[in-house]
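Single-structure report; data block below.
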Amino acid sequence: MNFETILVETRGRVGLIRLNRPKALNALNQTLLTELMAALETFDADNQIGAMVIMGNEKVFAAGADIKEMATASAVDMLNSEFIPTFDRIRVIKKPIIAAVSGWALGGGSELALSCDMIIAAENAKFGQPEINIGVIPGAGGTQRLAKAVGKALAMEMVLNNRTLNAEEALHYGIVNRVVPTERCFDEALQLATEIAARAPLAVQLGKEAINQAFETSLSEGLANERRAFTLLFASHDQKEGMAAFIEKRPPEWKGQ
Ligand code: CAA
34 MNFETILVET RGRVGLIRLN RPKALNALNQ TLLTELMAAL ETFDADNQIG AMVIMGNEKV
94 FAAGADIKEM ATASAVDMLN SEFIPTFDRI RVIKKPIIAA VSGWALGGGS ELALSCDMII
154 AAENAKFGQP EINIGVIPGA GGTQRLAKAV GKALAMEMVL NNRTLNAEEA LHYGIVNRVV
214 PTERCFDEAL QLATEIAARA PLAVQLGKEA INQAFETSLS EGLANERRAF TLLFASHDQK
274 EGMAAFIEKR PPEWKGQ
């Protein structure tokens, strides 16, 4: 895969995507978002890939939507733009996505990280929604995901007064999985992705789907969905293999079937 604004490679069963507009602090323009989605969707459809990592560079994950691209847009331009709908496509990726966040994750960059399933944060990571500084509000899920993740009071402060969270605060509020030395951020994200990518693929997929439903449904609907997914896995080769391997005291061989 050859792209203009991202670098893509595979490491074993992990698909790695590096945001690569360093001069613009990885600002998310339409080209970058389109390329990012193409890479994610290609990896999602590839049986050789079990998980993905999205990363920036040491100074910045992404400094938000590309302000220069949006500055003169009309409301109708924004309504017809593919920018926000592109974010929506991340929600239907089936395989786990881990964000490795070093430095700034601002605006759409923070929203991109929050759209991922897990976040490994470098000690220098900073999360914020500075849209208020440029006369708008988050448009790619920030008000919703932050309110659910950090609660109403802090989400209000972040969105209405540009309160940023450092890595330890992000950990405290449950936005990130862990904080690691900055130089270890990518390796830790890759390690986590590699471990998950080696697990039973269907169980990983349905586990992700069931957890995400917890944010969208009532408890009884979520529990019913979980029960259906759990039951469905008993139709898989990997359930038979996993349980037989446990009883026979040997490592399982997953087929994703
Ligand atoms: N869009 C376009 N260009 C950006 C950008 C952005 N979001 N963020 C930084 N850049 C560009 C700067 O314009 C600058 O380019 P030039 O050299 O051509 O002038 C270059 O990147 C370096 O930026 P700075 O000189 O500002 O770097 P800094 O280290 O002094 O500051 C920063 C870093 C604090 C991240 C600062 O760049 C900044 O505040 N950026 C804007 C952050 C922001 O407001 N993000 C929200 C965007 S709106 C949004 O995301 C809406 C949504 O919900 C989808």
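Per the numbering used here, the sequence shown starts with residue 34, numbered consecutively.
Where a beta carbon is used, it is the ideal one built from N, C-alpha and C, also for glycine.
Just so we're clear, the structure is a prediction, and the values are computed from it rather than from any experiment.
Alpha carbon to alpha carbon, how far is MET191 from MET276? Translated into positions along the sequence shown, residue 191 becomes position 158. Translated into positions along the sequence shown, residue 276 becomes position 243. Roughly 47 Å between the two C-alpha positions.
The beta strand (DSSP E) enclosing THR43, as first and last residue numbers: Reading the sequence shown from its first residue, position 10 is the one you call residue 43. Run containing THR43: 39 to 44, per the beta strand (DSSP E) assignment.
According to DSSP, residues forming a beta bridge with LYS159: For this step, residue 159 is matched to residue 126 along the sequence shown. Paired residues: TRP137, ASN199.
Would the beta-carbon of LEU52 be found less than 7 Å away from any heavy atom of the ligand ATP? Questions concerning the ligand ATP fall outside what the structure shown contains, since the ligands it does hold are the ligand CAA.
Start and end residues, alpha helix (DSSP H) containing VAL93: For the purposes of this step, residue 93 is identified with residue 60 of the sequence shown, where counting begins at 1. Unbroken run through VAL93 is the beta strand (DSSP E), 93 to 95; no alpha helix (DSSP H).
What residues in its chain sit with their C-beta under 7 Å from that of GLU91, if we drop five residues either side in the sequence? Position 58 of the sequence shown, counted from the first residue, corresponds to residue 91. Around GLU91: SER135, GLY136, THR215.
Quick check: does the Cβ of ALA98 come within less than 7 Å of any heavy atom belonging to the ligand CAA? Taking the sequence shown and counting its residues from 1, the one referred to as residue 98 is at position 65. Answer for ALA98: yes, Cβ within range of the ligand CAA.
Determine the direct distance from the alpha carbon of ARG44 to that of PHE208, and round the result to whole angstroms. The residue labelled residue 208 in the question sits at position 175 within the sequence shown. The residue labelled residue 44 in the question sits at position 11 within the sequence shown. Contrary to the premise, residue 208 reads as Ile rather than Phe in this sequence. Distance between the alpha carbons of ILE208 and ARG44 is about 26 Å.
Less than 8 Å between the C-beta atoms of LEU61 and GLY141, yes or no? Within the sequence shown, residue 61 is the residue found at index 28, counting from 1. Within the sequence shown, residue 141 is the residue found at index 108, counting from 1. Yes.
So, using beta-carbon positions, are GLY89 and ALA95 closer together than 8 Å? For this step, residue 89 is matched to residue 56 along the sequence shown. For this step, residue 95 is matched to residue 62 along the sequence shown. Remark: C-beta atoms of GLY89 and ALA95 approach each other more closely than 8 Å.
Excluding the 5 residues flanking PRO285 on each side, which residues of the same chain have their C-beta closer than 6 Å to its C-beta? Residue numbering aside, residue 285 sits at position 252 when the sequence shown is read from its first letter. So the qualifying residues of the chain are GLU274, GLY275, ALA278.
Give the secondary structure of PHE232 by DSSP, where H, G and I count as helix, E and B as strand, and everything else as coil. Locating residue 232 in the sequence shown gives position 199, counting from the first residue. For the sequence presented, residue 232 should be read as Arg rather than Phe. In the three-state scheme derived from DSSP, where H, G and I count as helix and E and B as strand, ARG232 is classed as coil.
Where the beta strand (DSSP E) containing ALA84 begins and where it ends: The residue you call residue 84 lines up with position 51 of the sequence shown. Counting along the chain, ALA84 sits inside the beta strand (DSSP E) bounded by residues 84 to 88.
Compare the beta carbon distance of VAL86 and LEU204 with 8 Å and say whether it is the shorter of the two. Within the sequence shown, residue 86 is the residue found at index 53, counting from 1. Within the sequence shown, residue 204 is the residue found at index 171, counting from 1. Cβ atoms of VAL86 and LEU204: not closer than 8 Å.
If you check the beta carbons only, do ALA243 and ASP271 fall under 8 Å apart? One-based indexing of the sequence shown puts residue 243 at position 210. One-based indexing of the sequence shown puts residue 271 at position 238. In terms of Cβ geometry, ALA243 and ASP271 do not form a close pair [threshold 8 Å].
To the nearest angstrom, report how far apart ALA268 and THR227 are at their CA atoms. In the sequence shown, residue 268 corresponds to position 235, counting from 1. In the sequence shown, residue 227 corresponds to position 194, counting from 1. ALA268 and THR227 have their C-alpha atoms roughly 26 Å apart.
Three-state secondary structure assigned by DSSP to LEU52: Residue numbering aside, residue 52 sits at position 19 when the sequence shown is read from its first letter. Collapsing the DSSP output to three states places LEU52 in a strand.
Apply the 10 Å Cβ neighbour rule to ASN59 and answer buried if 16 or more other Cβ atoms are within range, or exposed otherwise. For the purposes of this step, residue 59 is taken as residue 26 along the sequence shown, with counting starting at 1. Classification of ASN59: buried, given that the 10 Å Cβ count is 16 or more.
Report yes if the C-beta of GLU144 is less than 7 Å from at least one heavy atom of the ligand CAA; otherwise report no. On the sequence shown, position 111 is the one that residue 144 refers to. Because some heavy atom of the ligand CAA lies under 7 Å away, the Cβ of GLU144 counts as near it: yes.
Among ALA146, ALA138, ASP79, VAL109, which residue has its Cα nearest to the Cα of ILE123? On the sequence shown, residue 123 is found 90 positions in, with the first residue counted as 1. Of the listed residues, the one whose Cα sits closest to ILE123 is ALA146.
Between the alpha carbons of ARG261 and GLU221, how many angstroms are there, rounded? On the sequence shown, residue 261 is found 228 positions in, with the first residue counted as 1. On the sequence shown, residue 221 is found 188 positions in, with the first residue counted as 1. So the alpha carbons of these two residues sit roughly 33 Å apart.
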